[in-house]
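Asks: Reminder that position 207 of the sequence shown reads as 709 in the numbering used here, one-by-one numbering, no gaps.
The following block contains the structure, expressed as structure tokens.
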Amino acid sequence: MPSNHADFESRPIYDPQLSGIIDAAIARIQIDMEQAAPFMAAQVAKWMKGLGQASPQAYFKHPLCFPMLLFPWWLESSLGRSPDAAFQTDLVCSTVSGYYYIRLIDNLMDGHATVELGLLPALSFFHTRFQMAYQRYFDYHHPFWALFREMWFRSAEVTMKDASLADLDREQFVQLAANKTCAALIPVAAVCYRYERPDLIEPWSQFLDLFGCWHQMWNDLFTWLRDVRNQTRTYFLSEAERLKRPGELVTEWVNREGLNWGSQVLEAWMRELVAASKELGSEELVTYLNSRSAMLQQQRARLAGNLERMMSVLETPVQL
Numbered sequence: 503m504p505s506n507h508a509d510f511e512s513r514p515i516y517d518p519q520l521s522g523i524i525d526a527a528i529a530r531i532q533i534d535m536e537q538a539a540p541f542m543a544a545q546v547a548k549w550m551k552g553l554g555q556a557s558p559q560a561y562f563k564h565p566l567c568f569p570m571l572l573f574p575w576w577l578e579s580s581l582g583r584s585p586d587a588a589f590q591t592d593l594v595c596s597t598v599s600g601y602y603y604i605r606l607i608d609n610l611m612d613g614h615a616t617v618e619l620g621l622l623p624a625l626s627f628f629h630t631r632f633q634m635a636y637q638r639y640f641d642y643h644h645p646f647w648a649l650f651r652e653m654w655f656r657s658a659e660v661t662m663k664d665a666s667l668a669d670l671d672r673e674q675f676v677q678l679a680a681n682k683t684c685a686a687l688i689p690v691a692a693v694c695y696r697y698e699r700p701d702l703i704e705p706w707s708q709f710l711d712l713f714g715c716w717h718q719m720w721n722d723l724f725t726w727l728r729d730v731r732n733q734t735r736t737y738f739l740s741e742a743e744r745l746k747r748p749g750e751l752v753t754e755w756v757n758r759e760g761l762n763w764g765s766q767v768l769e770a771w772m773r774e775l776v777a778a779s780k781e782l783g784s785e786e787l788v789t790y791l792n793s794r795s796a797m798l799q800q801q802r803a804r805l806a807g808n809l810e811r812m813m814s815v816l817e818t819p820v821q822l
């Protein structure tokens, strides 16, 4: 998650009530771990803080973060009711725990782990907290659990598949990106089932799949230099290898056409997202997408400026 975009920090994306719920939910997770496993809690707390931002709360509320905590809130608000604070707190506790569970595994699978190997026992805590939140709302035979299993197992499957690929084309990227964030449908489906609106699951699922593609492509485009340095395989860099000229550096390709190409892909998907969001009946979601679209243009201009400086360095003759 990017942490170097200070000019976006002050954008008011999170409703004050939801912001308070997120703060309380994360504090609850930390307190519960401290009470259950104090040694583990101390080690995990350092890891959580090391992921970026001043605190875990700020990490999840960053304007450029994948908005997994916002989707269920927007959905419940769109149903013509004030969101149930207790229910939303349980959803946040579950989603945050599920995120940490996946992030621990992803860091190890990506080969970028630091302390994660020693934290693997914490997976039991995070998985339990992820699943148990729903047990008070849905009995064992409720159809929610079939969807829960499908999304959770699909998330595990795509994590393994992603690690096995050495190159990505557009079709593979779309399939992987859509499924890599498929667990975000679980809390959204919980809202649908709790208020007896299972008809909304499919359109929200389609939206989340597309947003997962957009968000991953956005990440690939604006972190391409870090990915080159870390030798991280992405769809954007796979396209660079296919499209750059013989002997051309990736930096040169990005400056020549890669930035424009990636931006056009993002803009096309954003137009689809805005159209789809209007069918979901959430004005807050539409406002959010318009905000991200504006941010995209700012980020594109900033990256273009950085590329110009990088190219000037590459073109400067070496003095012998």
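All C-beta atoms, glycine included, are put in the ideal place defined by N, C-alpha and C.
Bear in mind the structure is a predicted one, so any value in this text is a computation, not a measurement.
Report the CB separation of Gln-537 from Leu-621 in whole angstroms; it is logged as a contact under 8 Å.
Replies: So it is not a contact: roughly 18 Å between Cβ atoms.
Asks: Please classify Leu-566: does DSSP put it in a helix, a strand, or coil?
Replies: Of the three classes helix, strand and coil, the one that applies to Leu-566 here is coil, per DSSP.
Asks: Count the other CB atoms within 10 Å of the CB of Asn-681; is the residue buried (16 or more) or exposed (fewer)?
Replies: So Asn-681 ends up on the buried side.
Asks: If you scan the region 567-604 from start to end, which runs of the beta strand (DSSP E) of 3 or more residues do you find wholly inside it?
Replies: Listed in chain order, there is nothing to give.
Asks: Across the region 722-739 and the region 682-694, are there enough close Cβ pairs to call them in contact, namely three or more that are closer than 8 Å?
Replies: The answer is no - the region 682-694 does not touch the region 722-739, with fewer than three Cβ pairs under 8 Å.
Asks: Which residues bound the alpha helix (DSSP H) around Ile-515?
Replies: Looking at the DSSP string, Ile-515 is not in any alpha helix (DSSP H), and its letter there is neither H nor E.
Asks: Distance, Cα to Cα, Asn-824 vs Ile-528?
Replies: There is simply no residue 824 to check, as the chain begins at 503 and stops at 822 in what is shown.
Asks: Pull up the distance between the alpha-carbon of Phe-510 and that of Thr-736, whole angstroms please.
Replies: Reliability of the predicted coordinates at Phe-510 is poor, the pLDDT of 47 falling under 50, and no value is obtained from them.
Asks: Looking only at its chain, what residues have a beta carbon closer than 8 Å to the beta carbon of Leu-712, apart from the 5 residues adjacent to it on each side?
Replies: The residues are Ala-680, Trp-771, Glu-774, Leu-775, Ala-778.
Asks: Can you check whether the CB of Ser-740 is closer than 8 Å to the CB of Trp-576?
Replies: Result no, Cβ atoms of Trp-576 and Ser-740 do not sit closer than 8 Å.
Asks: Spatial neighbours of Met-542 within its chain, please: C-beta separation below 6 Å, excluding the five flanking residues on both sides.
Replies: Cβ within range, chain order: Ala-624.
Asks: Could you check whether Ala-526 and Thr-597 sit closer than 8 Å to each other, using their CB atoms as the reference points?
Replies: No, they are not a contact pair.
Asks: Starting from Phe-738, trace the alpha helix (DSSP H) both ways and give me its first and last residue.
Replies: 737-745 is the span of the alpha helix (DSSP H), which, as asked, contains Phe-738.
Asks: Going by the CB atoms, is the gap between Gln-519 and Ala-587 shorter than 8 Å?
Replies: Yes; because the gap between Cβ atoms is below 8 Å, this pair is in contact.
Asks: Please name the residue in Pro-569, Phe-628, His-644, Val-693 whose C-alpha comes closest to that of Ser-584.
Replies: It is Val-693.
Asks: What's the gap between the Cα of Tyr-636 and the Cα of Gln-559?
Replies: Distance between the alpha carbons of Tyr-636 and Gln-559 is about 22 Å.
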